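One structure below.
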Amino acid sequence: MQNNSNMNNNSEVSNRELNTVDAEEENEESHNNLVERLPSEVTEKIFSYLDCQSLGRASMTCKNWNFEITTNVSLWKRLCSDLKPNCETEIDDDLKSGYSYRETFLRNYQKYIEVICGWDSGKFSYITSFSDLPEISMCVMNAETWGKILEKELKRDAPSIS
57 MQNNSNMNNN SEVSNRELNT VDAEEENEES HNNLVERLPS EVTEKIFSYL
107 DCQSLGRASM TCKNWNFEIT TNVSLWKRLC SDLKPNCETE IDDDLKSGYS
157 YRETFLRNYQ KYIEVICGWD SGKFSYITSF SDLPEISMCV MNAETWGKIL
207 EKELKRDAPS IS
């Protein structure tokens, strides 16, 4: 008799666990359906407020958002215009060469980030000759960006010269 009682308790626990797992899966499916059911005008408005890193994360949310982000010309045009003060010549050249706004942004943002990260890490500090220059291509930067770089360099400890 006691064995039957234990069996019933175990099956109740198993049923509760299964119901919890089912409920979690239904919540996840309903969340994904909600995201996918948003009108494209709403998602486009949301995307217009996001920076490039947030857009990258949003594009991994679902296939619909990925498609909307990667194919939205006005979104990539805005990102290019945001980046243009830092890489104006490169962006103009890429667009004239027939690259899309998306391709242009991705090409130039990567170069810009490499340069900024290089400065942050000290990669370009204390260069004493041409041969010390790294082999990455530099991009034109606006005065604000150069000001930030200069501030970092002034705060950086200079190596002692013997």
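Counting along the sequence shown from 1, when you hit position 39 you're at 95 in the numbering used here, and nothing is skipped either side.
Glycine included, each C-beta is placed from N, C-alpha and C at the ideal position.
Computed from a predicted model, the values in this text were never measured in an experiment.
Spatial neighbours of residue i in its chain, beta-carbon cut-off 8 Å, leaving aside the 5 residues before and after
{"i": "Arg134", "result": "Ser104"}
{"i": "Arg163", "result": "Glu146, Asp150 and Tyr155"}
{"i": "Ser96", "result": "Glu124"}
Test: residue i CB closer than 8 Å to a CB of chain B
{"i": "Ala199", "result": "Absent from the structure: chain B. Only one protein chain is present."}
Assigned secondary structure, residue i (DSSP; H/G/I helix, E/B strand, else coil)
{"i": "Gly203", "result": "helix"}
{"i": "Asn65", "result": "Residue placement at Asn65 is poorly supported in this model, since its pLDDT is 49, which falls under 50; the coordinates still yield a value, given next. In the structure shown, Asn65 sits in a helix (DSSP, three-state: H, G or I)."}
{"i": "Arg158", "result": "helix"}
{"i": "Arg163", "result": "helix"}
{"i": "Gly178", "result": "coil"}
{"i": "Ser187", "result": "helix"}
6 Å Cβ shell around residue i - same chain, five flanking residues per side excluded
{"i": "Tyr155", "result": "none"}
{"i": "Glu207", "result": "none"}
{"i": "Val98", "result": "none"}
Supposed close pair residue i, residue j - CB separation, criterion 8 Å
{"i": "Leu139", "j": "Tyr165", "result": "6 Å"}
{"i": "Trp121", "j": "Ser115", "result": "6 Å"}
{"i": "Asn142", "j": "Glu100", "result": "Not a contact, Cβ separation roughly 25 Å."}
List in chain order: all unbroken alpha helix (DSSP H) runs of 4+ residues lying wholly within the segment 84–139. 96–103, 108–115 and 119–127
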